[in-house]
Amino acid sequence: MGFRVGITRDFLREDGSPVWGDIGLGALDAAGIDWEYLSEDAPVLRPQHTRGFDGILLGSPAVDAQTFGAGANPRIFARFGVGYDAIDLDACAAHGALVTITPDGARRAVATAALTLLLAVKMRLLVKSDLVRARTWAPRVDALGDGLTGNTVGLVGFGNIAGELVHLLRPFDCEVLAGAPWCRPERAAAHGVRVVPRDEFLERCDAFVIVAPLTDATRHAVDDDFLGRVKPTSIVVNVARGAIVDESALYRALTEGRLAGAGLDVFEQEPSDSPLIDLPNVTATPHSLAWTSEMSRGNGASALGALIDVAAGRRPRHVVTPPR
């Protein structure tokens, strides 16, 4: 029997059309791999969903220890994206299943989303757009924005996306710093970025961009203490995971004048009804700013490539499961 791939149902709309457009599924056909969509759109995968499949192209469903057993033992979960906080990596490793992610596809798209939010908040794009919609151009002089020239941009986290963002920021004549303890010095140094102690990081930066994974160490890293040490003219941008920011602390800082603004593509609960959404100094998007045709093609090529590698007996790239 050949290698079979199951694709989680969230890749399809209710009418059966593809959510992400053409992600390159023809590559599976060319490799002689059978594939089909799972029959049920399940938030957590269970044996009845994965039974009979050697690999899973995984969208948003969670994977845990109960995903396996009763004849369901996929060899690989190829995540269409870079976040894997909904996947129990230890459980996958215990059952011999690899988990891969797609940094090649997401790197440029998410870095561009971070830069977009950074500029939108600094230049007060939302406020100025609202003036035009309200047909009240006169107050535009009161909506003075700011640029990045001469600013110091601080990165919370330093992986592939941070490295790409450093590249995108170079024409803006700003300094980029990475903050300890969230960044590995060797990764930052490879991009010409210095890692500085936490106190210096918080005191010097004019903007903080969160590009770290959600872990026990980063959960609510941006809290009252963090926000109590920054410049009142600084801003926070989050394109990583919502739970890295304590939303109550952020709301207090923004409404009390201790922070100038925020750009949020992610929230702790999604969909979100956070009071942050209604603040005039917050630019918010629904965890989709990086969702572009560029991203879907790149994620597709990376995730499908991982499935093809395993089918051919090769170890795929970008494995995140711990060694057994």
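Numbering of the sequence shown is given in the working numbering, commencing with residue 111 and proceeding in unit increments.
Where is the CB? At the ideal position from N, CA and C, for every residue including glycine.
For residue i, I'd like the list of residues in its chain whose CB is within less than 6 Å of its CB, leaving aside the five on either flank, ordered along the chain.
i, result
"residue 298", "268, 288 and 305"
"residue 114", "144, 163 and 164"
"residue 319", "224, 265 and 347"
"residue 334", "359"
Check the DSSP bridge columns for residue i and list the partner residues they point to.
i, result
"residue 194", "Note: residue 194 sits in no beta bridge, so no partner."
"residue 189", "168"
"residue 142", "Partner(s): none; residue 142 has no beta bridge."
"residue 348", "320 and 374"
"residue 329", "Per DSSP, none; premise fails for residue 329."
"residue 304", "287"
"residue 128", "122"
Please name the residue, chosen from the options, that lies closest to residue i on a Cα-to-Cα basis.
i, options, result
"residue 132", "389, 409, 201 and 421", "409"
"residue 220", "321, 312, 292 and 156", "321"
"residue 389", "380, 406, 397 and 369", "369"
"residue 146", "122, 155 and 380", "122"
"residue 261", "243, 284 and 241", "284"
"residue 402", "130, 112 and 117", "130"
"residue 327", "307, 319 and 291", "291"
"residue 425", "191, 207 and 192", "207"
"residue 303", "309, 313, 280 and 312", "280"
"residue 230", "407, 346, 404 and 382", "346"
"residue 224", "166, 338, 351 and 295", "351"
"residue 348", "362, 365, 330 and 338", "330"
"residue 264", "112, 312, 117 and 166", "312"
"residue 415", "112, 141, 125 and 120", "141"
"residue 148", "381, 137, 138 and 168", "168"
"residue 179", "191, 201, 378 and 383", "201"
"residue 72", "392, 397 and 192", "As displayed, the chain neither begins before 111 nor continues past 434, which places residue 72 out of reach and without an answer."
"residue 120", "166, 309 and 363", "166"
"residue 238", "222, 393 and 199", "393"
If we count the other Cβ atoms within 10 Å of its Cβ and call it buried at 16 or more, is residue i buried or exposed?
i, result
"residue 432", "exposed"
"residue 356", "buried"
"residue 257", "exposed"
"residue 159", "buried"
"residue 127", "exposed"
"residue 247", "exposed"
"residue 277", "exposed"
"residue 387", "exposed"
"residue 244", "exposed"
"residue 316", "buried"
"residue 421", "buried"
"residue 112", "exposed"
"residue 438", "Any answer about residue 438 is impossible in this case: the structure gives the chain only from 111 up to 434."
In three-state terms, what does DSSP make of residue i?
i, result
"residue 222", "helix"
"residue 381", "coil"
"residue 389", "coil"
"residue 357", "helix"
"residue 262", "strand"
"residue 121", "helix"
"residue 320", "strand"
"residue 148", "coil"
"residue 201", "helix"
"residue 340", "coil"
"residue 231", "helix"
"residue 180", "coil"
"residue 156", "coil"
"residue 274", "helix"
"residue 369", "coil"
"residue 114", "strand"
"residue 429", "strand"
"residue 291", "coil"
"residue 173", "strand"
"residue 209", "strand"
"residue 396", "coil"
"residue 163", "coil"
"residue 418", "helix"
"residue 248", "helix"
"residue 256", "coil"
"residue 135", "coil"
Can you find the residues in the same chain that come closer than 8 Å, C-beta to C-beta, to residue i, ignoring five residues on each side of it along the sequence?
i, result
"residue 254", "234"
"residue 181", "157, 161 and 162"
Which residues in the same chain have their Cβ closer than 7 Å to the Cβ of residue i, if we skip the five residues on either side of it in sequence?
i, result
"residue 194", "209, 211 and 430"
"residue 395", "375"
"residue 307", "290"
"residue 286", "263, 265, 276, 279 and 303"
"residue 406", "130, 131 and 133"
"residue 228", "317, 319, 347 and 373"
"residue 154", "171, 172 and 174"
Below 7 Å, is the gap between the Cβ of residue i and the nearest heavy atom of the ligand MG?
i, result
"residue 194", "For the structure depicted, the ligand MG is absent and the ligand set is empty, with no information on it obtainable."
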